[in-house]
Each structure stands twice: as structure tokens, then as C-alpha cells.
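Reviewing the structure listed below.
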Amino acid sequence: MPVFVVELGLPGPALPCPVGSPVPVTVTVRNTSARRVWAAGVLDGSEDRVRFPHYVPSVTYEGRAVHPPRRPEDPLVGPLRPGDFRKLEPGEAFDPTGPGYLPLTTFGAFVPGRPGIYEFGLTLSTESPSADAWLGRFGQGEERATVLELVGRVPRETVAARPLRVEVR
1188 MPVFVVELGL PGPALPCPVG SPVPVTVTVR NTSARRVWAA GVLDGSEDRV
1238 RFPHYVPSVT YEGRAVHPPR RPEDPLVGPL RPGDFRKLEP GEAFDPTGPG
1288 YLPLTTFGAF VPGRPGIYEF GLTLSTESPS ADAWLGRFGQ GEERATVLEL
1338 VGRVPRETVA ARPLRVEVR
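Numbering (the numbering used here), first residue to last: 1188 to 1356.
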């Protein structure tokens, strides 16, 4: 059974969203296990799959991708810090795009151009080939040992949110 559950939602009632406006998608990561775990939110390079954790959003319309995955702008991501990690008690959740983390640019930049049903998806992967795949490309410095120890506390898995279907009019 997965340790993490990723949930997508809207900040208010699921009313039709207007054509020409971004859809305000919310993201929650929940610890569904019976033990305390550690997690990290969206970091510089997470959405581009340059560094872990990977947060990979998708937007489809009539079964086709309408907002392709981002290509890395610059593989030089900043250092990983102890403050990038969050301790989650059993049942506890957090917003991985909230304060201290980055927004998911795919969701924020996508503006539906026609009416219909759009599906928003998100995959979270912590299944790195090594702990070093979480580190920044520069400036890691003296906190390296501390953050590598925290990376070791993050469960390794890949989970996908149930698609969020949003009507656009």
C-alpha cells in the first residue's frame, strides 16, 4: 500500500470554470501510513524532472495532452536544504506548492481555450536512483550530510493522483 496519496482539487465548489482563465488547481500530499514519514514539496527542478522529488503534472482534453511536460530550462538547480523537508504524522497532509515551495508552473500557466471537460493529473515520484539525485547542482556545501540523512527518511514510491475532471465553459 502506498505511503503517500496525492490529491487534486479546486479551492471552492466544482463549478464550471471560464474559458480563458487558469484553473485554480490545489494539490495535497497525505501520509496514509501508520508511521511518521518525511516528504519534500515542489523544488527547483522537481517539475522538470531535473531533481527529486519529481512532481509531474498533466493536462488533457478529450484524451489528448494539451499542455506538454516542461523541458528543463536550466539543469543548474539550487541546493537542497533541511527546510525543504516536512515531517508528516500518520494522516497528516501538506500542500507541496505552499509557502517555502514552488508552484506547479504547468497548472498555473495553462489557460483553457475552449469549452469542455479537462483532466488534470499529477504524479509524485521519490524513487531516485541515489540520494544524490535530490541534491542541487551547486552550493550544496556544509548541509550535504544533513540533507542526505533526510532524503533517506523519505519513502521511495511513485504515486499518481486521481484525475481531476474540470468543466470549462
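In this text, a Cβ means the ideal position worked out from N, Cα and C, and glycines have one as well.
Can you check the stretch 1284-1338 for any beta strand (DSSP E) of at least 3 residues that lies completely inside it and give the ranges in chain order? 1303-1312
query: Do Arg1273 and Trp1321 have their C-beta atoms within less than 8 Å of each other?
result: no
Let me check understanding here. Comparing Cα to Cα, which of Thr1313, Ser1233, Arg1251 and Pro1189 lies closest to Val1264? Ser1233
| Can you tell which of Pro1198, Ala1347 and Glu1354 has its C-alpha closest to the C-alpha of Val1190? | Ala1347
Q. Can you tell which of His1254, Val1237, Arg1238 and Gly1250 has its C-alpha closest to the C-alpha of Pro1244?
A. His1254
* If you count every other CB in all the chains shown that lies within 10 Å of the CB of Leu1267, and 16 or more means buried, which is it? -> buried
Q) Helix, strand or coil for Gly1278 per DSSP? A) coil
Which residues DSSP lists as bridging His1241, in chain order:
Ser1312
Using a beta-carbon distance below 8 Å, is Asp1282 in contact with chain D? Among the protein chains of the structure shown there is no chain D, as only one such chain exists.
Q: Compare the C-alpha of Arg1217 against each of Pro1198, Glu1279, Thr1247 and Leu1195 and name the closest.
A: Glu1279
### Query
What are the boundary residues of the beta strand (DSSP E) that includes Val1214?
Thr1213 to Asn1218
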